[in-house]
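Data block below; observations after.
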Amino acid sequence: MPRTATTWLLIAAAALIAVLPLLIGAGSHVEEPFAGADAQAKSAVTDIDRGYEPWFTSIYEPPSSEIESGIFALQAAIGAGIIGYYFGAVRTRSRLAGGRAVPPDAPRTETAERSADAAADTAEADSGSAER
Numbered sequence: 068m069p070r071t072a073t074t075w076l077l078i079a080a081a082a083l084i085a086v087l088p089l090l091i092g093a094g095s096h097v098e099e100p101f102a103g104a105d106a107q108a109k110s111a112v113t114d115i116d117r118g119y120e121p122w123f124t125s126i127y128e129p130p131s132s133e134i135e136s137g138i139f140a141l142q143a144a145i146g147a148g149i150i151g152y153y154f155g156a157v158r159t160r161s162r163l164a165g166g167r168a169v170p171p172d173a174p175r176t177e178t179a180e181r182s183a184d185a186a187a188d189t190a191e192a193d194s195g196s197a198e199r
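Numbered by the working numbering, the letters in the sequence shown go through residues 68 to 199 in order.
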């Protein structure tokens, strides 16, 4: 299957996963259909023990659930950006350091032999300067 077809199928699958719960009315039987895990845990605890008091309170309570969702999305975007930057930096560093990594059992190509010879030459030069 061509790469573009695979890409479009993955995009369609992601869109379907996002839209399907809205189309089938998932959670329409509850008061707040898409409540967060914190709210669900709080209601479960109060159902079990009516006299339960939380150990601490939040430092910041957003004025609305939309702002709370926006802050959560911003946090997720920052985390994804940091992770993406890390993987991009590692990939670029490995490409600049001598090309793509070659598994030890892979057949050697002319390019791989040249980079292996260059690495050996560099190692010999380094050991020669260390002896002086």
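Where a beta carbon is used, it is the ideal one built from N, C-alpha and C, also for glycine.
Extent of the continuous alpha helix (DSSP H) to which residue i belongs
i           : result
residue 222 : Only positions 68 to 199 of the chain appear in the structure, and residue 222 is not among them; the question remains open.
residue 153 : 132-163
residue 205 : Outside the shown range of the chain, which is 68 to 199, sits residue 205, and nothing can be said about it.
Option in the options with minimal Cα separation from residue i
i           : options               : result
residue 125 : 119, 117, 135 and 116 : 135
residue 122 : 131, 132, 109 and 129 : 109
Cutoff 8 Å; reference residue i; Cβ partners in own chain excluding five residues on either side
i           : result
residue 119 : 112 and 113
Near the ligand SAH: residue i beta-carbon under 8 Å from a heavy atom
i           : result
residue 155 : Inclusion of the ligand SAH in the displayed structure is not the case, the ligand content being empty and no account of it being possible.
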